[in-house]
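Take a look at the structure set out below.
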Amino acid sequence: MKSSDTVILHDAFAFKGGGERLVQILCRELEADLAFGYIKKNSFDLNKLPGRLINLKSQSSLPLWRTIKRLHTFHKKTKFLGDYKNVIYTGQNSLLAAANHPKGKNIYYCFTPPRSIYDLKKDHLASQSLLGKLAHVMHNFFFQPLYENAIRKMDVIITDSKNVQNRIQKYFGLKSIVIYPPCDLDKFRWVGQDDYYLSTARLTPYKRVDIIIKAFSKLPEKRLIVSSTGPDEKHLRQLAKGFDNIQFTGDVNEQELQQLIGNAISTIYIPQDEDFGMSPVESMSAGKPVIGAGEGGLLET
Numbered sequence: 005m006k007s008s009d010t011v012i013l014h015d016a017f018a019f020k021g022g023g024e025r026l027v028q029i030l031c032r033e034l035e036a037d038l039a040f041g042y043i044k045k046n047s048f049d050l051n052k053l054p055g056r057l058i059n060l061k062s063q064s065s066l067p068l069w070r071t072i073k074r075l076h077t078f079h080k081k082t083k084f085l086g087d088y089k090n091v092i093y094t095g096q097n098s099l100l101a102a103a104n105h106p107k108g109k110n111i112y113y114c115f116t117p118p119r120s121i122y123d124l125k126k127d128h129l130a131s132q133s134l135l136g137k138l139a140h141v142m143h144n145f146f147f148q149p150l151y152e153n154a155i156r157k158m159d160v161i162i163t164d165s166k167n168v169q170n171r172i173q174k175y176f177g178l179k180s181i182v183i184y185p186p187c188d189l190d191k192f193r194w195v196g197q198d199d200y201y202l203s204t205a206r207l208t209p210y211k212r213v214d215i216i217i218k219a220f221s222k223l224p225e226k227r228l229i230v231s232s233t234g235p236d237e238k239h240l241r242q243l244a245k246g247f248d249n250i251q252f253t254g255d256v257n258e259q260e261l262q263q264l265i266g267n268a269i270s271t272i273y274i275p276q277d278e279d280f281g282m283s284p285v286e287s288m289s290a291g292k293p294v295i296g297a298g299e300g301g302l303l304e305t
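Throughout the sequence shown, residue numbering follows the working numbering, covering 5 to 305 in sequence.
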């Protein structure tokens, strides 16, 4: 039974990113129910949120079936949206559920259109094997028209930055409203100053953590802590092998992350044309300077 007139529909809590923390803030402030594709073990404790939790269980361990199941789940297993007056979609796959909410308000809080389909398509394809390229092209063939049809059905499109607003205008010719993401100021505080620099970016190629590691490999007197996980982790650990000043923490809980940020000299965040960048905002909330890329959404933080 629903406990609110509003439900937030999110792709998944697969990693501890800024978008995932933002969704939880929205749930608390709006007292909204939360539906999501799946949640990774030890990522977040969603039971503290005020509304009803709906786990769609869209995850699969089989690579090809994983993609199909996620799309099918949001497209076919979200009939319950009809019970709500307002649906807020976050993520990308979640938007496919819009067909199941023909009445009431459909609001899309767009962190970014899928970058592997639009602005970073060439980069993504270049990093794939032949089989990976084929899978990517097939995925885009089916997903892209569904996504573009769904985004045009939204009553309101909200973006997290002017940078993303420009992407939406460029690729879809649609207008959107910029509402910058909130930051929980009570969670990120100055604790002290230890002897390390900190990277919290997810370990994916476009976050460019490899550049940070290469820089610190030439600065043996400077200490770097990389506190995140992601598909590029194995490659990055290999890149840092033999350099005692570079440390990986793997996955950490929220309290450990707050301590790491609160004790750092500075955080380093240099992604490629970032959407917005919650990590720099959280760092500055703790009174820590950010060494960041002079491009994209970081210029708006």
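All residues carry an ideal CB built from backbone N, CA and C; glycine is no exception.
Helix, strand or coil for residue i, going by three-state DSSP, please let me know.
i	result
Leu-34	helix
Ser-270	strand
Thr-10	strand
Arg-119	coil
Val-256	coil
Ile-155	helix
Leu-57	strand
Ile-250	strand
Phe-48	coil
On a Cα-Cα basis, can you pick out the residue from the options that is closest to residue i?
i	options	result
Gly-23	Ser-283, Lys-45, Val-160	Ser-283
Leu-53	Leu-60, Ala-39, Thr-71, Arg-32	Arg-32
Val-195	Leu-34, Lys-179, Glu-260	Glu-260
Leu-318	Asp-37, Asp-214, Ala-290	Residue 318 lies beyond the residue range present for the chain, which begins at 5 and ends at 305; the question has no answer from this structure.
His-140	Asn-153, Glu-152, Lys-126, Asp-199	Lys-126
Leu-223	Ile-250, Pro-275, Val-27, Ile-29	Ile-250
Ile-183	Thr-305, Ser-8, Leu-57, Asn-59	Thr-305
Thr-204	Glu-225, Gln-169, Glu-237, Pro-185	Glu-237
Are the beta-carbon atoms of residue i and residue j separated by less than 9 Å?
i	j	result
Thr-208	Val-230	no
Leu-100	Val-91	no
Tyr-273	Gly-298	no
Gly-301	Gln-276	no
Val-168	Tyr-88	no
Report whether the distance from the Cβ of residue i to the nearest heavy atom of the ligand HEM is below 8 Å.
i	result
Asp-248	This structure lacks the ligand HEM; in fact it carries no ligand of any kind.
For residue i, write down the residues that DSSP places opposite it in a beta bridge.
i	result
Cys-114	Thr-163
Arg-307	Look at the range of the chain in this structure, 5 to 305, and you will see that residue 307 is not part of it.
Exercise for review: Pair every Cβ in the segment 132-145 with every Cβ in the segment 104-113, then say whether three or more of these pairs are closer than 8 Å.
Suggested key: no
Review point. Taking one C-beta from the segment 244-259 and one from the segment 164-175 each time, how about it: are there three or more such pairs within less than 8 Å?
Key: no
Check your understanding: Are at least three pairs of beta-carbons, each pair with one atom in the segment 75-83 and one in the segment 116-130, less than 8 Å apart?
Key -> no
Check your understanding: Counting Cβ pairs closer than 8 Å, one from the segment 225-241 and one from the segment 147-164, do we hit at least three?
Key -> no
Practice item. Count the C-beta pairs between the segment 14-22 and the segment 35-52 that are closer than 8 Å, then say yes if the count reaches three, no if not. Key: yes
Check your understanding: Do the segment 271-291 and the segment 181-197 meet, that is, are 3 or more Cβ pairs less than 8 Å apart?
Key -> yes
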